[in-house]
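Number 442 in my numbering belongs to position 329 of the sequence shown; there are no gaps in the numbering.
The structure appears right after this line, and notes come after that.
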Amino acid sequence: MKFLVTGAAGFIGFHLCKRLLELGYTVVGIDNLNEYYSVALKKDRLKILADMQGFSFLKIDLSDCAAMDALFAREQFSHVINMAAQAGVRYSLENPMAYVQSNIVGFTNVLEGCRRHNVSHLVYASSSSVYGLNTDMPFSVHANVDHPISLYAASKKSNELMAHTYSYLFGLPCTGLRFFTVYGPWGRPDMALFLFTKAIVEGKPIQVFNHGKMRRDFTYIDDIVEGVVRASQRIPQPDPAWSGIAPDPATSVCPYRIYNIGNNNCIELSVYIEAIEKALGKKAEKIMLPMQPGDVPATYADVDDLMRDVGFTPNTSIDFGVQQFISWYKCYYGA
Numbered sequence: 114m115k116f117l118v119t120g121a122a123g124f125i126g127f128h129l130c131k132r133l134l135e136l137g138y139t140v141v142g143i144d145n146l147n148e149y150y151s152v153a154l155k156k157d158r159l160k161i162l163a164d165m166q167g168f169s170f171l172k173i174d175l176s177d178c179a180a181m182d183a184l185f186a187r188e189q190f191s192h193v194i195n196m197a198a199q200a201g202v203r204y205s206l207e208n209p210m211a212y213v214q215s216n217i218v219g220f221t222n223v224l225e226g227c228r229r230h231n232v233s234h235l236v237y238a239s240s241s242s243v244y245g246l247n248t249d250m251p252f253s254v255h256a257n258v259d260h261p262i263s264l265y266a267a268s269k270k271s272n273e274l275m276a277h278t279y280s281y282l283f284g285l286p287c288t289g290l291r292f293f294t295v296y297g298p299w300g301r302p303d304m305a306l307f308l309f310t311k312a313i314v315e316g317k318p319i320q321v322f323n324h325g326k327m328r329r330d331f332t333y334i335d336d337i338v339e340g341v342v343r344a345s346q347r348i349p350q351p352d353p354a355w356s357g358i359a360p361d362p363a364t365s366v367c368p369y370r371i372y373n374i375g376n377n378n379c380i381e382l383s384v385y386i387e388a389i390e391k392a393l394g395k396k397a398e399k400i401m402l403p404m405q406p407g408d409v410p411a412t413y414a415d416v417d418d419l420m421r422d423v424g425f426t427p428n429t430s431i432d433f434g435v436q437q438f439i440s441w442y443k444c445y446y447g448a
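Shown next as structure tokens:
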């Protein structure tokens, strides 16, 4: 099998490429190396991958139609895993066009490449943010998700709809994976764990939104990658029980599936901060703030379908996961 992994220099894309290479697969990684966060960090991830057998990298932007078409025509991938996206809920309030170009235009080019060049299976990253105003928890893939509250969330929901269309029209097997608050070594500098750790190490206050009452289903990177790899090896089939009278959003009459990948454990932000303080051996100075626009008060994943179909349930503890990140942070930054 020959994999294309988009967003290969990103947090999840890097770990995914590394795992696929360890399993002996051939992996072509692409990334546009944009400046949303440290390009140096992205390049350091790529240096590790470059030393592994079976990996090659190309700097390509998903929204470059000609470059993407040439890539698919030349490489003839069996599997495509789309991890590339403009990430971040809050940034989508400031720069909406970045999300349209990467998450909509770019994803269309991925879909076109897959259907024109006979890709066996497209797996793509969605997000827990698609649940938006839903409050019935744990969040189920069988629930309606038509009320996103950020453009980032809307773009991810759009990806699910676009994938379904290509699956229905062209028979392209598509699996969408809704990730829940991913954290771990080599994590993004704009995410809470990185921001909190950096501030505490430097003796600066941390900003705690929703007065620490925010709840998240924090999911360790290794669990995310395991779920992605297993899902990629299970090509979806049409659901014989699907009905247009009561349509199930997670399945279809075509080869299409949606899964949650989360720790199935809703943790209050204040508890997460305590785990960071414990790992660092240092207390945080906190600035308590209200909710940010576009954020949701809680996320919590129902992973029953993931367990049933691929035989895996994420279960890494917060204490272990946070300690792994802190160890990496201290080593990488000499803290």
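Backbone N, C-alpha and C fix where the C-beta goes; we use that ideal spot for every residue, glycine too.
| Check | Outcome |
| --- | --- |
| Proximity of Phe170 and Ala121 at Cβ, strictly below 8 Å | yes |
| The region 121-134 in contact with the region 338-347 per 3-pair CB rule at 8 Å | yes |
| Cut-off 8 Å between Cβ atoms - residues of its own chain near Cys367, not counting five sequence neighbours on either side | His277, Ser280, Tyr281, Gly284 and Pro351 |
| Buried/exposed call for Ser253, threshold 16 Cβ in 10 Å | buried |
| Own chain residues within Cβ distance below 7 Å of Ala312, not counting five before or after | Pro318 and Ile319 |
| Beta bridge counterpart(s) of Thr278 as assigned by DSSP | Thr278 is not bridged to any residue. |
| Inter-stretch contact at 8 Å, needing at least 3 Cβ pairs: the region 322-337 / the region 369-387 | yes |
| Limits of the unbroken alpha helix (DSSP H) element including Arg484 | No answer is possible for residue 484: it lies beyond the span of the chain, which begins at 114 and ends at 448. |
| Inter-residue Cα distance where the pair is Asp90 and Met250 | Residue 90 lies beyond the stretch modelled for the chain, which goes from 114 to 448, so this question has no answer here. |
| Residue burial classification, Asn373 (beta-carbon count within 10 angstroms, cutoff 16) | buried |
| Cutoff 8 Å: Asn195 Cβ touching any chain B Cβ | Among the protein chains of the structure shown there is no chain B, as only one such chain exists. |
| Selection from Asp164, Asp157, Asn257 and Tyr150 that minimises the alpha carbon distance to Glu135 | Asp164 |
| Element boundaries [alpha helix (DSSP H), containing Asn222] | Gly219 to Arg229 |
| Beta-bridge pairing of Glu381 - partner residues as DSSP gives them | Arg328 |
| Close beta carbons around Val510, own chain, < 7 Å, minus the five adjacent residues each side | Limits of the chain in this structure are 114 at one end and 448 at the other, which puts residue 510 out of reach. |
| Rounded C-alpha distance that separates Val236 from Arg347 | 10 Å |
| Candidates Trp299, Pro427, Cys178 and Ser205: closest to Phe124 by CA position | Trp299 |
| Identity of the residue in Phe331, Ile173, Val152 and Ala153 nearest Ala414 by Cα | Phe331 |
| Nearest-angstrom Cβ-Cβ length linking Tyr296 and Tyr333, presumed shorter than 8 Å | 7 Å |
| As assigned by DSSP and simplified to three states, the class of Phe116 | strand |
| Pro353 to Lys399 span [Cα, whole Å] | 53 Å |
| For Met210, the first and last residue of its enclosing beta strand (DSSP E) | Unbroken run through Met210 is the alpha helix (DSSP H), Pro209 to Tyr212; no beta strand (DSSP E). |
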